[in-house]
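In order, the protein sequences belong to chains E and U. Each residue of the first sequence is one higher than the last, beginning at -18 in our numbering. Each residue of the second sequence is one higher than the last, beginning at 240 in our numbering.
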Amino acid sequence: MKTPPPPVAVRGLVKRYGRTTAVDGLDLDLAAGSVLALLGPNGAGKTTTVEVCEGFLRADAGEVRVLGVDPATAPDSLRARIGVMPQGGGAYPAVHATEMLRLVAACSAHPLDVEWLTCVLGLQGCARTPYKRLSGGQQQRLALACAVVGRPELVFLDEPTAGMDPQGRRVVWDLVEALRRDGVAVLLTTHLMEEAEALADEVVIVDHGRVVAQGSPAALTANTEQQELRFRARSGMDVDDLVAALPAGYGAAEPIAGRYVVRGRIDPTVLSIITSWCARQGALADDVQVARRSLEDVFLELTGRELRS
Amino acid sequence: MTLFPPGTFTPRPGAGSPLRMLAVQSATELRLAMRNGEQVLLTLLIPIVLLVGLSTLDLVPLPEPRIAAVLPGVLALAVMSSAFTGQAIALGFDRRYGVVRRLAATALPRWLLVAGRLVAVLGVVAIQVVLLCGLAVALGWRPAASGLGWALLLLVLGTASFGSLGILLGGSVRAEITLAVANLVWFVLLLAGGIIVPLGLLPGPLAAVGAALPSGALAEGLRATLSAGHAPSATQVLVLLLWTAAASLLAVRTVKLR
């Protein structure tokens, strides 16, 4: 049996707006039934990439296949199979939430139950409020409902939790989990590290239209050169002696009296060197913590700390 | 406990039936048009006030029966208001609110996106025609039966030409510009485009321009069919067809999703 084509396969995607290159040779692979987070600062090229995959924008170069189809040449056959949550949603200004959802549902052959979906996403209370008077979070939840109501194979979520309160964000996260569990492939964009870390099987960090890092959240954060170990012990111990005992490249310091930091790859060998050093000084290492890098640390290291317009 | 029982989202993709998509989309747009206060003012109240006012008050000299002289122009105005002005403004703001893209992202094909809007406009026009003609009958209007079929054809052609012009305008420029232009055109054509003042009463050059505009062709055609009971001139039909063709061809190239 032939294996079905992957949900998303992008090779060398280039997209320019006038003289600005928004996407600059980007590769992307989304495996069946998995969740990929495109993570990057504002203007990194995330939305452009997603809109090329949805067939709304035409690539200037590169090869894009979504469910085995070129979205630029066959958008209609593709759109019956995908769910789209555009950035900022989209609905008639005066439409009621259920009316809009019913319209989008009518475009699919086997849609989910509209009433149920409205309730489960907490929109029943505003079912008769005009769209333009819904809060940002309510508009986002309606957009999300529209993206999944047609029971698609692949869902694109462009900043799904932007403008949502923590409860709303929780519902979205649960929903993405349920999509993955039921075998739907999800490509989402976010600039929230926490979100990428919690939801994605694969995180692709983009900046200036290029991939700067990719891998599972664990693999990205386990780049252990940057780990550190903190502990408390009697103050005034000789850290130079500790540095000498550690392998080359490690650092140690006592920034505050009685609190020690060791920087470098923390493995069992290093841990035993530290504890025996303490033992030699007649001290007990207390409150030992290994700080793993967060995805945020990785993100900021790779994309810089200056603000983007 | 999960909100979403296992299997809830198991993929089962596929496009809905085109007929159902068309029905739901045009019904939604029709409801929205009827819910919008400004649109109802434009498409129903103003024509009704003009119909009743001009036929009962002796403000301008008109041949008797006054109602027969007023109705064709008011019907043309009703078509222009809903198919052109109302449609252009609605499309402009729908684009601003991302609805055109939202719908384009579903299995709804592009032709249905336009067809749904046009069917909704035809629905509004049907409501207008029924209400205005009913009111006119109550005011003593007795149409020439031989012209009714022609009048219906003209109303459909007029809706098509004004509708494609409305989509062209509302689909190409920013919502604020659409709002300004659509209202300005409405006002100019109302007074100088053959709608309220028959072309025969306008100065020569203006009358010649008016005859080549959809407003003039529609209003004069309706005057000929409804009052005199004969067929519209070939020129009038041709003018409406040409505007429809030109505006649709241009719209296909220029209309943007947002």
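Backbone N, C-alpha and C define an ideal beta-carbon position, used for all residues, glycine too. All values derive from a computational prediction rather than experimental measurement.
Option in E:Val165, E:Val184 and E:Met174 with minimal Cα separation from Ala13 of chain E: Of the listed residues, the one whose Cα sits closest to Ala13 of chain E is E:Val165.
Leu396 of chain U - DSSP class collapsed to helix/strand/coil: Judged by DSSP in its simplified three-state form, Leu396 of chain U adopts helix.
Pair within 9 Å by beta-carbon distance, Met81 of chain E and Tyr73 of chain E: For Met81 of chain E and Tyr73 of chain E, yes; Cβs fall inside 9 Å.
Host alpha helix (DSSP H) of Met66 of chain E (start-end): That residue, Met66 of chain E, is in no alpha helix (DSSP H); its beta strand (DSSP E) goes Ile63 to Met66.
Contact with chain E by Glu415 of chain U, beta-carbon distance below 9 Å: At least 9 Å separates the CB of Glu415 of chain U from every CB of chain E.
Where Lys113 of chain E falls: helix, strand or coil (DSSP): Per DSSP, reduced to three states, the secondary structure at Lys113 of chain E is helical.
Given Gly405 of chain U as reference, the closest of U:Val263, U:Leu371, U:Pro252 and U:Thr493 once Cα atoms are compared: Out of U:Val263, U:Leu371, U:Pro252 and U:Thr493, U:Thr493 has the C-alpha closest to the C-alpha of Gly405 of chain U.
The ligand FMN heavy atom lying under 8 Å from the CB of Leu477 of chain U: Absent from the structure shown: the ligand FMN. Ligands present: none.
Segments assigned alpha helix (DSSP H), at least 4 residues, entirely inside the segment 117 to 193 of chain E: As for any alpha helix (DSSP H) of minimum length 4 sitting wholly inside the segment 117 to 193 of chain E, the runs are 117 to 129, 147 to 162 and 174 to 180, ordered along the chain.
Opposing strand residues paired with Phe212 of chain E [DSSP bridges]: Its beta-bridge partners are E:Tyr241.
Where the segment 255 to 287 of chain U meets chain E: residues whose CB sits under 7 Å from a CB there: Against chain E - using a Cβ distance shorter than 7 Å - the residues of the segment 255 to 287 of chain U are Gly255, Arg259, Met260, Val263, Gln264, Thr267, Leu271, Arg274 and Asn275.
Touch test, the segment -5 to 3 of chain E against the segment 14 to 30 of chain E, Cβ-Cβ under 8 Å, three pairs minimum: Yes, they touch.
For Val368 of chain U, the three-state DSSP class (helix, strand or coil): Taken through DSSP and simplified to helix, strand or coil, Val368 of chain U comes out as helix.
Ala456 of chain U beta carbon less than 9 Å from that of Gly439 of chain U: For the pair Gly439 of chain U and Ala456 of chain U, the CB atoms are not nearer than the 9 Å cut-off.
Segment contact, 8 Å Cβ cut-off, at least three pairs: the segment 334 to 341 of chain U with the segment 38 to 55 of chain E: These segments do not touch.
Spatial neighbours of Val95 of chain E in its chain, beta-carbon cut-off 8 Å, leaving aside the 5 residues before and after: Contacts found: Thr79, Leu82, Arg83, Ala86 and Val130.
Residue of E:Glu158, E:Thr1 and E:Gly245 minimising C-alpha distance to Leu242 of chain U: Ranking the options by Cα distance to Leu242 of chain U, first place goes to E:Glu158.
Option in U:Ile306, U:Leu371 and U:Val358 with minimal Cα separation from Thr267 of chain U: Comparing Cα-Cα distances from Thr267 of chain U to each of U:Ile306, U:Leu371 and U:Val358, the minimum goes to U:Val358.
Backbone secondary structure at Leu301 of chain U - three-state DSSP: Leu301 of chain U sits in coil when the DSSP states are folded into three classes, being neither helix nor strand.
Separation of Gly24 of chain E from Phe248 of chain U, as counted between CA atoms: The straight-line gap separating the alpha-carbon atoms of Phe248 of chain U and Gly24 of chain E is approximately 32 Å.
Proximal residues to Tyr336 of chain U (C-beta, below 7 Å), its chain only, five neighbours per side dropped: Closer than 7 Å at the Cβ level, and outside the excluded window around Tyr336 of chain U, lies no residue.
For Gly362 of chain U, the nearest candidate out of U:Arg270, U:Pro311 and U:Pro304 (CA to CA): Answer by Cα proximity: U:Arg270.
Closest residue to Asp57 of chain E among U:Ser403, U:Val368, U:Leu352 and U:Gly449 (Cα-Cα distance): Closest by C-alpha distance to Asp57 of chain E, out of U:Ser403, U:Val368, U:Leu352 and U:Gly449, is U:Leu352.
Beta carbon of Gly397 of chain U nearer than 9 Å to that of Ala329 of chain U: It is not a contact, given that the beta carbons lie outside the stated cut-off.
Segment contact, 8 Å Cβ cut-off, at least three pairs: the segment 121 to 130 of chain E with the segment 42 to 52 of chain E: No, the segment 121 to 130 of chain E does not touch the segment 42 to 52 of chain E.
C-beta neighbour in chain E for Gly337 of chain U, strict 9 Å: Yes - at least one Cβ of chain E is within 9 Å of the one on Gly337 of chain U.
Cβ shell of Leu374 of chain U (< 8 Å), same chain only, five flanking positions each side left out: Closer than 8 Å at the Cβ level, and outside the excluded window around Leu374 of chain U, lie Ile287, Leu290 and Val291.
Closer than 9 Å at the beta carbon, the chain E residues around Leu330 of chain U: Ordered by position in chain E, no residue passes the 9 Å Cβ test against Leu330 of chain U, which lies about 11 Å from the chain.
Local conformation of Leu378 of chain U per DSSP, three classes: Coil at Leu378 of chain U, not helix or strand.
Amino acids of chain E, ordered along the chain, whose beta-carbon sits closer than 8 Å to that of Thr192 of chain U: Since the displayed chain U opens at 240 and closes at 497, residue 192 of chain U lies outside it and no answer follows.
Cβ shell of Ala272 of chain U (< 6 Å), same chain only, five flanking positions each side left out: Cβ neighbours of Ala272 of chain U within its own chain (closer than 6 Å, five residues either side excluded): Gln278 and Val363.
Proximal residues to Val441 of chain U (C-beta, below 8 Å), its chain only, five neighbours per side dropped: Looking at the sequence shown, residue 441 of chain U is not Val but Leu. If we look at Leu441 of chain U and ignore the five residues flanking it on each side, its Cβ neighbours are Ala431, Gly433 and Gly449.
Secondary structure of Gln262 of chain E, DSSP reduced to three states: In the three-state reduction of the DSSP assignment, Gln262 of chain E falls in the coil class.
Between the CA atoms of Leu301 of chain U and Ala463 of chain U - distance to the nearest angstrom: Answer to the nearest angstrom: the Cα atoms are 16 Å apart.
Interface residues of chain U facing Asp182 of chain E [CB-CB closer than 9 Å]: Neighbours of Asp182 of chain E on chain U: none; closest Cβ ~17 Å, over 9 Å.
Nonlocal neighbours in the same chain, by C-beta distance under 7 Å from Ala390 of chain U, ignoring five residues either side: Excluding five sequence positions before and after Ala390 of chain U, the CB atoms of its chain that fall closer than 7 Å to its own CB belong to Leu461, Thr464 and Leu465, given in chain order.
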